[in-house]
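A.B. asks:
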Amino acid sequence: MTNETLLLGLPAQVNAHCRVLVLGSMPGMASLQAARYYAHPRNRFWPLLGALCGFDPALDYPLRLARLQQAGVGLWDVIGRCRRRGSLDAAIVRGSEVANPLPELLGRLPHLRAIACNGAAAAQAFERHVRPALPAGHGVTVLALPSTSPANAAWSFARLLDEWRRLAPWLPVAEQSISAVPGRGDRPGQAPGR
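Structure, rendered in structure tokens:
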């Protein structure tokens with residue numbers, strides 16, 4: 094892939110009862126090719142949200158999406174299209190980003206209480222492209238959380254879970270046991286991607 098390739102993101106997975114919106118930066122190549130959020134097998138997103146929301150992260154993809162929505166969690170990305178070589182956020186060609194219409198979406202989510210930026214690149218893109226367009230006093234908590242990507246190998250699953258527990262006040266299901274996914278994605282040197 095050259096930096097001349099234009100990448101188009103995935104559609105939002107959000108319903109009207111969304112209380113927490115998780116925003117990535119731009120899906121990695123594994124996710125774009127599979128047309129599924131967090132499709133890279135080493136990404137810790139699904140085990141993490143499964144633990145927080147009380148569902149089995151091994152469920153088929155449509156069932157995982159349904160369980161997230163039942164828990165009031167929606168998914169999308171800050172960037173809707175961009176040019177990038179590979180899967181790393183650092184390879185996004187600066188100035189090629191076109192943000193998704195997040196302010197419009199947020200205006201249609203009356204129950205939204207928190208936005209969780211999955212990683213530093215998502216948080217930075219949110220600050221550049223979205224926050225300036227939000228009305229003052231919008232009342233939504235914005236959290237910059239550590240990336241679930243395997244490129245973030247310095248963070249163990251347990252450490253990620255501790256940080257992502259900051260979403261607990263807006264999640265209706267108590268955290269379940271994570272013994273089914275011990276150490277998943279904790280080994281250094283794994284291939285990056287979302």
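Residues 94 to 287, numbered by my numbering, are exactly what the sequence shown covers, in order.
Yeah, the Cβ is synthetic: ideal placement off N, Cα and C, and Gly gets one too.
Predicted model, so just to flag it, every value in this text is computed and none were measured.
1. Kindly indicate which three-state DSSP category A244 falls into: helix, strand or coil?
2. CB T241 to CB L152, shorter than 8 Å?
3. Quick one: complete beta strand (DSSP E) runs, 3+ long, within the region 184-228?
4. For W248, which residues of its own chain have a beta-carbon under 6 Å away from its beta-carbon, when the five flanking residues on both sides are left out?
5. Can you tell me where the alpha helix (DSSP H) with G173 in it begins and where it stops?
6. So the alpha helix (DSSP H) G117 belongs to, where does it begin and stop?
7. Is it a yes or a no for the region 154-164 touching the region 211-227, going by three-plus beta-carbon pairs under 8 Å?
8. Starting from L161 and walking both ways along the alpha helix (DSSP H), at which residues does that stretch end?
9. Any idea what DSSP makes of L168, helix, strand or coil?
10. Alpha carbons only, please: which of L198, R206 and P243 is nearest the one belonging to G232?
11. Could you check what DSSP says for L101 in three-state terms: helix, strand or coil?
12. If you follow the beta strand (DSSP E) that A237 is in, where does it begin and where does it stop?
C.D. replies: Quick look at the numbers:
1. coil
2. no
3. 207-211
4. P239
5. Counting along the chain, G173 falls outside any alpha helix (DSSP H), though it belongs to the beta strand (DSSP E) covering I172 to R176.
6. Looking at the DSSP string, G117 is not in any alpha helix (DSSP H); the run it does join, the beta strand (DSSP E), is V113 to G117.
7. no
8. Start and end: Y154 to Q163.
9. strand
10. R206
11. strand
12. T234 to L238
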